[in-house]
Every structure is written in C-alpha cells, then in structure tokens.
Amino acid sequence: MTGRPACPAAAGAVVAMAAAWASHAQTGLSGPGGGLGLIDCSVTADAPLVRLGGTLERVADVTLTCHNVGPAVRSEPTGILDAAVSLTFTAGVASRDGVASLSVNESVCPSANEGQGTGDGCDSDGAASVAGARDLLDPRRLVWDRFEFPIPGAAITGDGEPRAPPLGCGEVAGDTSGCHPEVTTVRLGNLRLRVADLGSPESLGGGQYPIWATVSMRLEGAVHALSETTVRVATAVPGVSLHVATPQLGRLCSAGETTANVTLGEGFAGAFQPAGDDGLPSLRSGDPLGATRLLVRMAGIPPGVSVQAPTAPECGPEGGSRLRLGLVEGAAESGHGGTLAPAQLAELALEGPGSVLQAVYEVLGADPSVQQECSIPFRLRTEGLDAAGGGVSVSASFGPLETPGSADIPADASRFAAMALASPVQVRMAPCGTSLLFPFVTSQTTFDTAVVIVNTSSDPLGTRHQAGRCSLEFHSAEGPGPGTLLRSVRVGAGKQVSFRLSSGNQREGLDPLPDFQGYLLARCAFQHAQGYAFITEQIGGASVLAQGYLAEVVTGL
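So, in structure tokens, the structure goes:
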C-alpha cells in the first residue's frame with residue numbers, strides 16, 4: 006500500500022447526511038439547553054513508525070472530535086445517543102478481544118455505588134472504556150458495537166435525565182451537572198496490527214509503507230457527518246539494521262581466536278523495546294508486552310571453529326538510557342523461552358541442519374527518543390590447526406518469532422513473522438593456510454628442479470606452532486585437466502621438506518616426476534609457509550647452469 010485508499014462513497018454519504026439534517030431542521034427550533042443538530046466529527050491520528058514484520062505492532066490512537074452544529078430540531082434530545090464505530094485497516098487486526106479500547110471525553114466513570122448516572126458517555130456497567138472486538142468475517146476490521154455518546158452541549162440533570170425545556174444548562178438551583186461538553190471526543194486506543202501482512206522487507210524493496218484505517222460510525226436517532234473517512238495510523242519501516250566487520254582471519258590461525266563484530270542498529274528510534282514499553286501511551290493498564298528480542302544467526306561456520314557470545318555487550322557509555330542487551334540461554338529456535346545467561350561468555354550451540362549458530366539477545370533497556378545501535382563482539386576460536394575456510398552468512402531479525410498455526414496472539418507471545426528483517430551479510434573466512442606458487446619447474450632433458458617448502462610458524466614472536474599437509478599441484482605446460490598431477494606432504498612446525506622432480510623423496514612419500522615442465526602450486530594447511538626452487542642443468546655430470554628463486558605467496562587461493 007503506497008497511497009491513500011480511495012473512498013468514492015464518502016462524498017455521497019456526507020451529501021445524504023446533510024440532506025437528512027435539512028429535513029429535520031425544517032421542523033423548527035427548540036429552546037436553549039441542548040437541541041440536537043447535525044453531529045459533525047473530524048478524525049485524527051498521530052501516525053508513529055512501526056516495524057515491518059511485526060505481528061503485534063501498536064499503531065496510533067484514532068480520535069473522533071464531534072460538534073453539535075446547525076439548527077436544532079424541535080424534539081428535545083435525551084442527552085445520550087446509542088452509537089457504534091468500526092475501523093478497517095490495510096493490515097490485519099492483532100488486538101485480542103477486550104484489549105482495544107474506546108473512551109469518551111477522556112473521562113473516568115464514577116463508581117456504580119456513588120449513585121451517579123452514566124451521562125458521561127461510559128457504558129452501562131460503569132466501565133471507563135468500551136472494549137472492541139475483531140470482526141469474524143473481516144480480519145482487518147475492529148468493531149465497537151454499542152456505547153453511549155453524549156450529545157455535545159445537551160443539558161443533563163444529576164440523575165442523568167434530560168432537562169425539560171425551556172430551561173437551559175445550570176438554571177436549576179443546586180444543580181451542578183449542567184450540560185455535556187460542547188465537544189464530544191471518542192478515542193479508539195490500544196490498537197495493534199499484523200504489520201507482517203504487508204510483506205517482508207525483501208519483497209517490498211525497502212522504504213516506508215503507510216498503514217491506513219477507514220472509519221465508520223453510527224449514531225441512532227441523529228444525523229452525523231465525518232469530515233475524513235480514512236486516516237493514516239502508522240508508517241511501517243524496517244526496524245533493524247545489520248553490519249558485520251570482517252574478522253582478523255590470520256589471528257584465528259596464529260593465536261587460535263579472533264573477533265567478529267556484529268553491529269545491530271535500530272531502523273528508527275524506539276524500534277528496540279524493553280518489556281512493557283511500546284513507545285506510545287496506553288489507555289489500559291495490565292497489558293505488558295514481552296521485551297523485543299534480537300536473533301543473530303551464523304550459517305556456514307567452518308569445521309573446527311567454535312563461537313562464543315558475550316552475555317552483556319557494551320552498547321554505549323554507562324548511565325542514562327543507553328541500550329542494554331542480555332543474552333538468553335535455552336531459547337527455542339523461534340527465540341521463545343530461556344533465561345538470561347549469568348556468565349560473561351556463552352558457547353553457542355549448533356541449531357538445526359546446516360551448522361547454524363544462533364544467539365538470542367533480549368532488550369533490557371533503551372532510549373525511545375534516539376536511534377541506537379550495539380556492536381556485539383563474537384569470539385571465534387579453533388582448537389585444532391586444520392580450520393577450513395568458506396563463506397559465513399550472518400543474518401539478524403526481531404524476535405520472538407511467530408508460532409506457526411497459532412490462531413490467537415496472546416500478549417506475551419510471538420510478535421514477529423519468521424522472516425529476515427535485515428539483509429544477510431556474507432563474510433569470507435580463509436582457511437588457516439598458505440598458498441605458494443612456483444611459476445617454473447622442470448625435469449626435462451638435462452634440467453632438474455629442487456624444491457624446498459619450509460614451515461616457519463615456529464618463531465620467537467609468540468606465533469602458535471602449526472603443522473599440516475601441503476597439497477602439491479603440478480600443472481603441466483601441456484595445459485589443464487589431465488596434465489595436472491597431485492602429490493601431498495606433511496610439514497611440521499619449524500621443519501622443511503625438500504625434493505627433486507627427477508628423483509622425488511621416498512622418505513616423505515614423494516614419487517619422482519621425470520620429464521615434467523610447468524608450474525607448481527603448493528596449498529599448505531598452516532600459516533607462514535615459504536618456498537624456494539633451484540633449477541640446474543647438468544651435462545656430462547657437471548652443472549653448467551643454475552638459477553634459484555623464492556616462491557610467491559598467493560592470497561585468495
């Protein structure tokens with residue numbers, strides 16, 4: 006929905022109401038003290054930003070401000086009209102029956118035992134508001150079937166009965182009830198919608214999406230007009246952003262650990278909400294919502310690598326209303342359940358197929374007036390020396406996620422559709438290794454090549470000693486494919502392996518490779534590998550030519 010819905014019937018409805026009012030007006034005027042004329046109502050709402058993907062998002066209260074305008078008819082009004090109102094949204098209604106409220110003139114009804122009447126617009130049992138119900142036939146419609154509507158300016162007495170003409174307001178000695186206010190306001194509040202019905206951020210292409218409500222009202226025995234029949238109640242935007250800093254890959258191999266900083270940011274101020282705080286004033290108490298949770302998932306973690314998450318990441322300076330997050334242990338894949346983790350670091354366990362790691366953070370505190378973010382340092386560790394590389398996909402979404410098949414949404418249950426609310430970020434993790442290129446090696450005719458591969462991970466600089474195999478790929482000058490020959494050799498920390506192409510190295514399991522010419526690519530599963538090649542030509546047992554060079558260390562292989 007990118008524009009305002011058309012309401013072709015609105016103008017005709019207003020014209021019909023005006024004609025009916027004119028017919029009533031021809032009967033004459035009543036005396037002072039509250040005749041019934043045309044009830045003219047304007048509709049307003051202060052639309053907030055809400056989160057795309059939310060299934061229980063609080064939208065703006067809708068207020069009807071009504072005046073009694075035009076000539077009054079001769080018949081004296083009762084002071085109170087039976088009324089009904091409904092809202093039809095461009096997204097599904099999520100408010101449970103009895104939660105969405107209606108209040109009249111912002112007043113609190115007196116207790117029934119005080120012997121006062123209900124002339125302030127409350128319902129007959131003295132409640133302060135009238136609860137709305139979802140329409141069973143239209144999931145986007147919310148209905149208030151019946152409530153008492155005070156006629157603006159109509160005279161009333163202490164017992165709630167109308168004042169007999171021609172007396173006006175306050176003309177009876179000792180009567181302090183007077184008249185109803187000149188303006189009657191009807192506020193529809195605590196409205197919650199399934200914003201997820203609009204679609205995912207990916208399907209909508211980003212940006213902002215207005216949510217509209219169509220207002221319908223009925224006043225029995227009165228002519229009324231709505232100056233506006235549609236009003237914007239919210240604007241949906243993506244509520245969470247994601248950024249991942251590429252970890253120091255070399256440190257994972259040399260020191261056994263590194264850090265990947267995952268930054269979660271609010272799409273707008275107030276998107277991250279602690280428990281019971283939805284950023285808008287409530288007309289009803291006792292309807293707390295569970296805190297927003299943030300789900301971070303990592304897919305494709307290389308074998309041999311473990312991930313630890315901080316339980317209370319520092320999201321800004323101490324004090325004030327800074328963003329505070331707490332890691333939840335034992336949460337389901339949907340983000341439900343679990344308890345706050347007590348330790349400083351927690352090991353993340355694999356969840357489901359595909360080696361997916363998930364961290365669930367709960368919003369413990371936030372400032373709804375500013376846009377905040379939190380950088381969470383995830384610690385990557387490897388115990389072995391053979392950690393493989395690959396692409397790691399990091400995604401983030403709000404939580405808890407909606408439970409499939411749930412017919413109703415309780416106040417403390419799922420609040421977000423199962424969709425990624427921030428575009429996944431791909432992070433490249435190289436393996437713990439070194440690739441060496443020997444651009445020319447030969448054993449043809451009178452030439453031969455000696456090759457040395459050295460593991461220099463043993464040094465006085467504190468580098469972790471590493472050992473592993475080197476895969477030797479001999480690429481023939483005849484071209485790729487069948488011309489590629491494979492060998493393998495293991496090299497310990499601080500050790501070296503040497504061989505000649507013509508004779509190999511039987512002790513290391515390297516067979517001879519006579520009559521070969523091309524280049525050699527050595528892929529070693531440890532850091533700090535170095536290589537040297539020495540080419541000689543021998544004629545009659547004597548060396549007539551010799552040339553050596555260092556192997557090139559190649560990245561990205």
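With the numbering used here applied, the sequence shown closes on residue 562, and no number is skipped along the way. Ideal placement from N, C-alpha and C gives every residue a C-beta, glycine not left out.
The alpha-carbon of P155 is positioned some 39 angstroms away from that of A274.
In the three-state reduction of the DSSP assignment, Q522 falls in the strand class.
By the 16-neighbour rule on beta-carbons within 10 angstroms, T450 is exposed. G340 and E334 have their C-alpha atoms some 10 angstroms from each other. Of the candidates T344, F452, T60, A160, F452 places its Cα closest to the Cα of Q522.
In this structure, L231 keeps its C-beta atom at 8 angstroms or more from the C-beta atom of A99. Rounded to the nearest whole angstrom, the C-alpha separation of G473 and R420 is 49 angstroms.
Ranked by how close their Cα comes to the Cα of I306, the residues L300, G396, A227 have G396 in first place. At least 8 angstroms separates the beta-carbon of L330 from that of P347.
Of the residues assessed, S462 falls on the buried side of the cut-off, its CB having 16 or more other CB atoms within 10 angstroms. Between G261 and R469, the gap from beta carbon to beta carbon is short of 8 angstroms. The secondary-structure analysis by DSSP pairs L369 with nothing; it has no beta-bridge partner. Only buried fits Q377, as 16 or more other CB atoms lie within 10 angstroms of its CB. Here R298 is actually not in contact with G204; their C-beta atoms are around 22 angstroms apart, not less than 8 angstroms. In the DSSP annotation of this structure, the continuous segment of the beta strand (DSSP E) that includes E262 starts and ends at 262–271. T541: member of the beta strand (DSSP E) spanning 534–544, first to last residue. Residue pairing of T190 in beta bridges, as defined by DSSP: T70. For C258, the three-state secondary structure derived from DSSP is helix. Judged by DSSP secondary structure, D51 falls outside any beta strand (DSSP E); it is assigned neither H nor E. Taken atom to atom, the span from the alpha-carbon of R151 to that of D87 is near 6 angstroms.
Taking C-beta atoms as the reference points, A530 and G553 fail to come closer than 8 angstroms.
In the DSSP assignment, T93 falls within the beta strand (DSSP E) that extends over 85–94.
The alpha-carbon of V301 is positioned some 6 angstroms away from that of Q363. Taking 8 angstroms as the cut-off, the Cβ atoms of S440 and L518 do not count as close. Taking the Cα of E271 as reference, the smallest distance to any Cα among A455, L345, L54 is reached at L54.
Beta-bridge partners of V310 (DSSP): T387.
For I156, there is no enclosing beta strand (DSSP E), as DSSP marks it with neither H nor E. As the crow flies, the alpha-carbon of D45 is around 28 angstroms from that of V104. Boundaries for H185: no beta strand (DSSP E) harbours it, and the DSSP string shows neither H nor E there.
Residues A88, A89, V90 of the same chain have their beta carbon placed closer than 8 angstroms to that of R223, with the five preceding and five following residues left out of the count. By the criterion of a C-beta distance shorter than 6 angstroms, I544 is surrounded in its chain by T451, once the five residues flanking it on both sides are discounted. Within the model, the alpha-carbon separation for E352 versus G59 is close to 29 angstroms.
Here the alpha carbon of L193 sits roughly 30 angstroms from the alpha carbon of A423. In the three-state scheme derived from DSSP, where H, G and I count as helix and E and B as strand, E483 is classed as coil. Partner residues in the beta bridge of S476, as assigned by DSSP, are S493, R528.
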